[in-house]
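In my numbering, the protein residues as written are 2 to 182. Glycine is no exception: its CB is placed at the ideal position from the N, C-alpha and C atoms. Everything numeric in this text was worked out from a predicted model, so none of it was measured. Below: the structure, in structure tokens.
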């Protein structure tokens, strides 16, 4: 809670610029027994751009999320891919009318898969206790977690070991910890 967001921000600064195709999705989460919505944006490479925890899944929440994204990433996409939730279409027309919007059931798997680490972490934490705490934790977690989860299936074993050595060295720089000998 104390340093997580700082670490996540410094890791994000080291990442390449986000791609020009963004996938947006929302998922239900329970916070203290109440149903909330976790909005998530992911680029075509699977990098989490931003998350937002909201009470509703309506046009106002979608509009707020779409306004927040370009400010945080400092870029505008060429294509936005969503599921068939109509709130996205309505908010998209207001906020990003010049950006192409694709709304299809099967196109949004990139965003659907990005929810898996959050679900695993939510399960191990036995749920979230508050909306603000969930927002703070998940925004830091979405910046730190991918750093330690490279695309293992695309690498050879020596390549994976080399990549993880580099990532742990970067982590030592970010946290200010002296490198192990």
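Inter-residue distance for residue 43 and residue 25 is about 6 Å (C-alpha atoms, whole angstroms). Exposure of residue 160 is indicated by the presence of fewer than 16 other C-beta atoms within 10 angstroms of its C-beta. For residue 36, DSSP records a beta bridge to 31. In this structure, the straight-line span from the alpha carbon of residue 162 to that of residue 156 is close to 9 Å. The Cβ neighbour count for residue 138, taken over all protein chains shown within 10 Å, is at least 16; the residue is labelled buried. Counting only unbroken stretches of 4 or more residues, the alpha helix (DSSP H) elements lying wholly within the stretch 30-105 are 60-74, 87-96, in sequence order. For residue 165, the enclosing alpha helix (DSSP H) stretches over residues 158-176. In the pairwise beta carbon analysis, the stretch 56-72 is classified as not touching the stretch 10-19: fewer than three pairs are separated by under 8 Å.
Closest in C-alpha terms to residue 14, from the list 133, 50, 91, comes 50. In this structure, residue 84 sits away from residue 69, with a CB-CB distance that is not shorter than 8 Å. Residue 133 sits away from residue 33, with the two beta carbons spaced by 8 Å or more. The beta carbons of residue 21 and residue 82 sit no closer together than 8 Å.
Under the 10 Å beta carbon count, residue 52 is surrounded by 16 or more other beta carbons and is classified as buried. The Cβ-Cβ distance between residue 16 and residue 48 falls below 8 Å. For residue 139, the uninterrupted alpha helix (DSSP H) segment begins and ends at 132-145. In this structure, the alpha-carbon of residue 86 lies about 21 Å from that of residue 35. Sequence-distant Cβ neighbours of residue 76 in its own chain, meaning closer than 7 Å and more than five residues away, are 18, 19.
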